[in-house]
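Undergrad:
2 protein chains.
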Amino acid sequence: METTIKNIITTKIVRLYDETNPLIMDCGDLFSPIDVAYETYGELNSEGTNAIVVCHALTGSAHAAGYSSEDPKSIGWWDSFIGEGKPLDTKKYFIISSNFLGGCYGTTGSSSINPGTGKPYGLSFPQMTVRDMVRVQKSLIDHLGVRKLRTVIGGSLGGMQVLEWALMYPEIVESIIPIATAAQHSPWAIGLNDVARQAIMNDPEWRSGNYYEFGQPEKGLALARQVAMLSYRSEKEFQQRFGRERQKENIKENPLHRNTSNLFQIESYLRYQGKKLVQRFDANTYLYITRAMDIHDVAFGRGDLNKVLHSIKIPSLFIGIDSDILYPESEQKNIAKALPNSLYREILSPYGHDAFLIEFDQMSNYVTEFLEK
Amino acid sequence: METTIKNIITTKIVRLYDETNPLIMDCGDLFSPIDVAYETYGELNSEGTNAIVVCHALTGSAHAAGYSSEDPKSIGWWDSFIGEGKPLDTKKYFIISSNFLGGCYGTTGSSSINPGTGKPYGLSFPQMTVRDMVRVQKSLIDHLGVRKLRTVIGGSLGGMQVLEWALMYPEIVESIIPIATAAQHSPWAIGLNDVARQAIMNDPEWRSGNYYEFGQPEKGLALARQVAMLSYRSEKEFQQRFGRERQKENIKENPLHRNTSNLFQIESYLRYQGKKLVQRFDANTYLYITRAMDIHDVAFGRGDLNKVLHSIKIPSLFIGIDSDILYPESEQKNIAKALPNSLYREILSPYGHDAFLIEFDQMSNYVTEFLEK
Numbered sequence: 001m002e003t004t005i006k007n008i009i010t011t012k013i014v015r016l017y018d019e020t021n022p023l024i025m026d027c028g029d030l031f032s033p034i035d036v037a038y039e040t041y042g043e044l045n046s047e048g049t050n051a052i053v054v055c056h057a058l059t060g061s062a063h064a065a066g067y068s069s070e071d072p073k074s075i076g077w078w079d080s081f082i083g084e085g086k087p088l089d090t091k092k093y094f095i096i097s098s099n100f101l102g103g104c105y106g107t108t109g110s111s112s113i114n115p116g117t118g119k120p121y122g123l124s125f126p127q128m129t130v131r132d133m134v135r136v137q138k139s140l141i142d143h144l145g146v147r148k149l150r151t152v153i154g155g156s157l158g159g160m161q162v163l164e165w166a167l168m169y170p171e172i173v174e175s176i177i178p179i180a181t182a183a184q185h186s187p188w189a190i191g192l193n194d195v196a197r198q199a200i201m202n203d204p205e206w207r208s209g210n211y212y213e214f215g216q217p218e219k220g221l222a223l224a225r226q227v228a229m230l231s232y233r234s235e236k237e238f239q240q241r242f243g244r245e246r247q248k249e250n251i252k253e254n255p256l257h258r259n260t261s262n263l264f265q266i267e268s269y270l271r272y273q274g275k276k277l278v279q280r281f282d283a284n285t286y287l288y289i290t291r292a293m294d295i296h297d298v299a300f301g302r303g304d305l306n307k308v309l310h311s312i313k314i315p316s317l318f319i320g321i322d323s324d325i326l327y328p329e330s331e332q333k334n335i336a337k338a339l340p341n342s343l344y345r346e347i348l349s350p351y352g353h354d355a356f357l358i359e360f361d362q363m364s365n366y367v368t369e370f371l372e373k
Numbered sequence: 374m375e376t377t378i379k380n381i382i383t384t385k386i387v388r389l390y391d392e393t394n395p396l397i398m399d400c401g402d403l404f405s406p407i408d409v410a411y412e413t414y415g416e417l418n419s420e421g422t423n424a425i426v427v428c429h430a431l432t433g434s435a436h437a438a439g440y441s442s443e444d445p446k447s448i449g450w451w452d453s454f455i456g457e458g459k460p461l462d463t464k465k466y467f468i469i470s471s472n473f474l475g476g477c478y479g480t481t482g483s484s485s486i487n488p489g490t491g492k493p494y495g496l497s498f499p500q501m502t503v504r505d506m507v508r509v510q511k512s513l514i515d516h517l518g519v520r521k522l523r524t525v526i527g528g529s530l531g532g533m534q535v536l537e538w539a540l541m542y543p544e545i546v547e548s549i550i551p552i553a554t555a556a557q558h559s560p561w562a563i564g565l566n567d568v569a570r571q572a573i574m575n576d577p578e579w580r581s582g583n584y585y586e587f588g589q590p591e592k593g594l595a596l597a598r599q600v601a602m603l604s605y606r607s608e609k610e611f612q613q614r615f616g617r618e619r620q621k622e623n624i625k626e627n628p629l630h631r632n633t634s635n636l637f638q639i640e641s642y643l644r645y646q647g648k649k650l651v652q653r654f655d656a657n658t659y660l661y662i663t664r665a666m667d668i669h670d671v672a673f674g675r676g677d678l679n680k681v682l683h684s685i686k687i688p689s690l691f692i693g694i695d696s697d698i699l700y701p702e703s704e705q706k707n708i709a710k711a712l713p714n715s716l717y718r719e720i721l722s723p724y725g726h727d728a729f730l731i732e733f734d735q736m737s738n739y740v741t742e743f744l745e746k
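Sequence lines, in order, name chains A and B. FYI, my numbering numbers position 133 of the first sequence as 133, with every residue one higher than the one before it. My numbering runs 373 ahead of the 1-based position in the second sequence.
1) Alpha carbon to alpha carbon, how far is PRO551/B from PHE454/B? Give it in angstroms, no decimals.
2) Taking the alpha carbon of ILE34/A as the point to measure from, which residue in ASN202/A, ALA224/A, PRO22/A and THR40/A has its own alpha carbon closest?
3) Among LEU44/A, ILE141/A, TYR38/A and TRP165/A, which has the Cα closest to the Cα of THR107/A?
4) Go ahead and pull the three-state DSSP assignment for ASP203/A.
5) Tell me whether PRO713/B is buried or exposed, calling it buried when 16 or more other Cβ atoms sit within 10 Å of its Cβ.
6) Does TRP451/B have its Cβ less than 7 angstroms from a Cβ in chain D?
7) Give me the Cα-Cα distance between SER175/A and SER342/A, rounded to the nearest whole angstrom.
8) Excluding five sequence neighbours on each side, which residues of the same chain lie with their C-beta closer than 7 angstroms to the C-beta of PHE360/A?
9) Output needed in chain order: residues of the stretch 190-201 of chain A with a Cβ under 7 angstroms from some Cβ in chain B.
10) Check whether the Cβ of LYS464/B lies closer than 7 angstroms to any Cβ atom in chain A.
11) Going residue by residue through the stretch 87-167 of chain A, where are the continuous alpha helix (DSSP H) segments of at least 4 residues, counting only ones entirely within it?
12) Whose C-alpha, out of GLU457/B, ASP670/B, ASN487/B and ASP727/B, is nearest the C-alpha of SER696/B?
13) Does any residue of chain A bring its CB to less than 7 angstroms from the CB of PRO577/B?
14) Anything in chain B within Cβ reach of VAL227/A, meaning under 8 angstroms, just list it in chain order.
15) Measure the CB-CB distance between SER559/B and GLU235/A and report whether it falls below 7 angstroms.
16) Who are the neighbours of ASP294/A on chain B, taking C-beta pairs under 7 angstroms?
17) With a threshold of 7 angstroms between beta-carbons, can PHE242/A be considered close to chain B, or not?
18) Measuring straight from C-alpha to C-alpha, what distance separates LEU221/A and ASP515/B?
19) So, under 8 angstroms CB-CB, TRP538/B and VAL426/B are touching, yes? Tell me the CB distance rounded to an integer number of Å.
20) At what residues does the beta strand (DSSP E) containing GLU39/A begin and finish?
21) Spell out whether any CB of chain A is found under 7 angstroms from the CB atom of LYS592/B.
22) At a Cβ threshold of 7 angstroms, is TRP188/A touching chain B?
23) Below 8 angstroms on the Cβ atoms is my contact criterion, and I expect TYR327/A with SER124/A to pass it. Report the Cβ-Cβ distance as a whole number of Å.
24) So with CB distances below 8 angstroms, who are the chain B contacts of GLU267/A?
25) Of all the alpha helix (DSSP H) runs that stay within the bounds of the stretch 652-696 of chain B, which reach a length of 4 or more residues?
26) Which word fits ARG291/A, buried or exposed, when buried means at least 16 other C-beta atoms lie within 10 angstroms of its C-beta?
27) Under the rule that 16 or more other beta-carbon atoms within 10 Å means buried, what is LEU652/B, buried or exposed?
28) If you measure from the beta carbon of LEU167/A to each beta carbon in chain B, is any gap under 7 angstroms?
29) When you compare only the Cα positions, how much space is there between PHE467/B and LEU721/B?
30) For the stretch 281-296 of chain A against the stretch 137-152 of chain A, are there 3 or more C-beta pairs whose distance is under 8 angstroms?
31) Does any residue of chain A have a CB that is nearer than 7 angstroms to the CB of LEU596/B?
32) State buried or exposed for LEU287/A, treating a residue as buried only when at least 16 other CB atoms are found within 10 Å of its CB.
33) Kindly identify the DSSP beta-bridge partner or partners of ALA424/B.
34) Shorter than 7 angstroms from the beta carbon of PHE611/B to some beta carbon of chain A?
35) Only counting the same chain, and skipping five residues up and downstream in sequence, which positions put a Cβ closer than 7 angstroms to that of LEU389/B?
36) Taking Cβ positions, are TYR440/B and ILE381/B nearer each other than 7 angstroms?
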């Protein structure tokens, strides 16, 4: 290997809930045990007031920065954003990133072993909500001795958690940075998630969620991912990147192609993305998390949406992406407008929704400027 | 029944190709027999010069106007547009509407019986192209004694046929009206079609296309339709129509809903749309037609796209829809700009791509104005 990777980061796991201290969930369940996988970067100051919580999106993990192995590909999903001299500067801040409740990267979720049965929970796992995820993150920061959060930041489903942090723990959160997200999951986004879920559940290999001893519902999960990818990227990017180029490989197993003899590159790209997710993500978990997104509604049980948003008095920086079709810029602007102390900034990008994982230069400027104030 | 429906229209079927006169297809096949299902409205003048061809979209049929039975629901898909005093005025024009090659509404396609085997073609049907569809329509107008086409009009895949009409038969076509369409199918639209095809082919009931004696791959075809519906409508319409309303019915068979106990209305709507298509459309046909759309490229074999479009000298009226995410307005404007004698008009609508089947008032004004010139 060319580069030597030092300081390999290991994801820690801590049990935050047990039988004597179960999580009280929105669905009414008292649930335990719950283990939480997390990473931290930087040092907590003695007052416990320089912490930042980073919230990940649908298929993300606690591994936001650094390398988890000597493989350069093991770099964290927001590494360009977190570290010495970077916007989330580890010289100044103590950054906490955890896999959310119901995830499949170390935190307890539907693919975890139910200690009562010795088998994975599967569909017996309770339906968690975004608020449940945030409750668990709050337990984690308590465990770590954090007293104040300088900010909570995240994109997409991460941004939903950010909004809930501000509403659930206003005494702790000093500012928020929600990126390309929703205050209430829109019906179009719900529809998209439901189509993805059906793709998984239609796959006979899903076996009503009891597939763990047989292997994943590969086709279904791969298809779910492909549906999602079409909403994560933009027409413009696909046009620039793939156009109408054909893939040279023959797809012999598909008789439909006997007269066209090959696939368009965009099809090959989507299939590749689908296959990649199957290798790293659990199908039931995909069902649960997308459902948690659909249920997400900051107004639920709190009254009028605008009043609820208006009650977030802390400084907030909203970031939207001009080419995002999943959580459109107009939606970001509307949320930002409802907050009394908010700033709105725009990412110009052909990458669509995924720009929050790609356009670091633009985001860095906005976030650095906001945090320095 | 309240209303008495007179003048029930029967779709006619004519054999236009046989063994002595097969269709020479883009894929190289010499194919026959081909029957074509069509309807006509109005009278052809003695010179054969007052005809208009109407081209239907993906799941459409020849039945564009009038009633096909005494059931008021049997009304044609563009009835508001075709008839006495309507924009396509049957007092003036002889309107021809046919089910395209490879369809499943009377014209020969993959669900038709192969006379050589006595069984449906299934995947042994050749992959037709949009140009093949237009070749067959040309044979039909020849059969009907038509010498000139006052215009060719259609939306979506219908619009793709319109563009090919202008390029393939410039000596016959006097004007064109392409609506919400593409000159080259975009990679985003190809991706969407491919995801829909995978939904069908992933269904074990698809049986590699040999399902005819067992019944349709219902789940797969329904899912394909739902994917498509998300691109046919807009976020805005779903927001206004469904918002985050829940459906009252319990979805007991799905244990995922045990804690949410019901579905969002948008999910129920999409599932209903999926089921409805299964009852009226053939799964293999869906595969073939979406593939024909993906292959669609007016520049293919003709040289530079802009030059090809510029060669369409006849008057053209392009109509785009402001909320269309499938064939965005910008795409319509770009095509229109490339033609030397084109007009562009915009439909303002929350309905997205489907607006061309809904917003008749706006379209009527544009089309009437254009045809009167």
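For every residue, glycine included, the Cβ atom is placed at its ideal position computed from N, Cα and C.
TA: Inspection of the coordinates gives the following:
1) Translated into the one-based positions of the second sequence, residue 454/B becomes position 81. Translated into the one-based positions of the second sequence, residue 551/B becomes position 178. PHE454/B and PRO551/B: Cα-Cα distance of roughly 15 angstroms.
2) Here residue 34/A corresponds to residue number 34 of the first sequence, with the count starting at 1. Closest option to ILE34/A, Cα to Cα, is PRO22/A.
3) The sequence position of residue 107/A within the first sequence is 107, counting from 1. Ranking LEU44/A, ILE141/A, TYR38/A and TRP165/A by Cα distance to THR107/A puts TYR38/A first.
4) In the first sequence, residue 203/A corresponds to position 203, counting from 1. In this structure, ASP203/A counts as coil in the three-state DSSP scheme.
5) As a position in the second sequence, residue 713/B is number 340, starting the count at 1. With a 10 Å radius around the Cβ and a threshold of 16 neighbouring Cβ atoms, PRO713/B comes out exposed.
6) Checking the listed chains, one finds no chain D in this structure; the protein chains it contains are A and B.
7) Counting from one through the first sequence, the residue named residue 175/A turns up at place 175. Counting from one through the first sequence, the residue named residue 342/A turns up at place 342. One C-alpha to the other measures close to 10 angstroms.
8) If you number the first sequence from 1, residue 360/A lands on position 360. The residues are SER80 and PHE81.
9) ILE190, GLY191, LEU192, ASP194, VAL195, GLN198 and ALA199
10) Counted from its first residue, the second sequence places residue 464/B at position 91. So, not an interface residue.
11) 130-143
12) As a working note, residue 696/B is residue 323 in the second sequence. Closest by alpha carbon: ASP727/B.
13) Here residue 577/B refers to the residue found at position 204 when the second sequence is read from its first residue. For PRO577/B, the answer is yes, since a Cβ of chain A falls inside 7 angstroms of its Cβ.
14) Reading the first sequence from its first residue, position 227 is the one you call residue 227/A. Under the 8 angstroms cutoff, chain B gives VAL568 and VAL600.
15) Here residue 559/B refers to the residue found at position 186 of the second sequence. Here residue 235/A refers to the residue found at position 235 of the first sequence. Yes, Cβ-Cβ distance for SER559/B and GLU235/A is below 7 angstroms.
16) Reading the first sequence from its first residue, position 294 is the one you call residue 294/A. Within chain B, the residues near ASP294/A are PHE637.
17) As a first step, residue 242/A is located in the first sequence; it is residue number 242 there, counting from the start. At least one chain B Cβ lies under 7 angstroms of PHE242/A.
18) The count along the first sequence starts at 1 and reaches residue 221/A at position 221. The count along the second sequence starts at 1 and reaches residue 515/B at position 142. Those two C-alpha atoms are separated by around 50 angstroms.
19) By one-based count along the second sequence, residue 538/B stands at place 165. By one-based count along the second sequence, residue 426/B stands at place 53. The pair is a contact, with the Cβ atoms about 7 angstroms apart (cut-off 8 angstroms).
20) Numbered from its first residue, the first sequence carries residue 39/A at position 39. Element bounds for GLU39/A: 34-41.
21) Looking up residue 592/B in the second sequence gives position 219. So yes, LYS592/B belongs to the interface.
22) Sequence index remark: in the first sequence, residue 188/A carries index 188 (1-based). TRP188/A counts as touching chain B.
23) Taking the first sequence and counting its residues from 1, the one referred to as residue 327/A is at position 327. Taking the first sequence and counting its residues from 1, the one referred to as residue 124/A is at position 124. Contact flag wrong, Cβ pair sits at about 31 angstroms.
24) Locating residue 267/A in the first sequence gives position 267, where the first residue counts as 1. In chain order: ILE563, GLY564 and ASP567.
25) 656-668 and 678-683
26) Taking the first residue of the first sequence as 1, we reach residue 291/A at position 291. ARG291/A should be labelled buried.
27) Residue 652/B sits at position 279 when you count from the first residue of the second sequence. Position check: residue 652/B holds Gln in this sequence, whereas Leu was assumed. The residue in question, GLN652/B, is exposed, as its Cβ has fewer than 16 Cβ neighbours within 10 Å.
28) For the purposes of this step, residue 167/A is identified with residue 167 of the first sequence, where counting begins at 1. Judged by the 7 angstroms Cβ criterion, LEU167/A is not in contact with chain B.
29) Here the question's residue 467/B lines up with position 94 in the second sequence. Here the question's residue 721/B lines up with position 348 in the second sequence. The alpha-carbon atoms of PHE467/B and LEU721/B are separated by roughly 30 angstroms.
30) no
31) On the second sequence, position 223 is the one that residue 596/B refers to. With 7 angstroms as the cut-off, LEU596/B counts as an interface residue toward chain A.
32) One-based indexing of the first sequence puts residue 287/A at position 287. Buried is the call here.
33) Reading the second sequence from its first residue, position 51 is the one you call residue 424/B. DSSP lists PHE467/B and LEU522/B as partners of ALA424/B.
34) In the second sequence, the residue the question calls residue 611/B occupies position 238. Yes, contact with chain A.
35) Position 16 of the second sequence, counting from 1, holds the residue named residue 389/B. Cβ within range, chain order: ILE407, VAL409, VAL509, SER512, LEU513 and HIS516.
36) Position 67 of the second sequence holds residue 440/B. Position 8 of the second sequence holds residue 381/B. Going by C-beta atoms, TYR440/B is nearer than 7 angstroms to ILE381/B.
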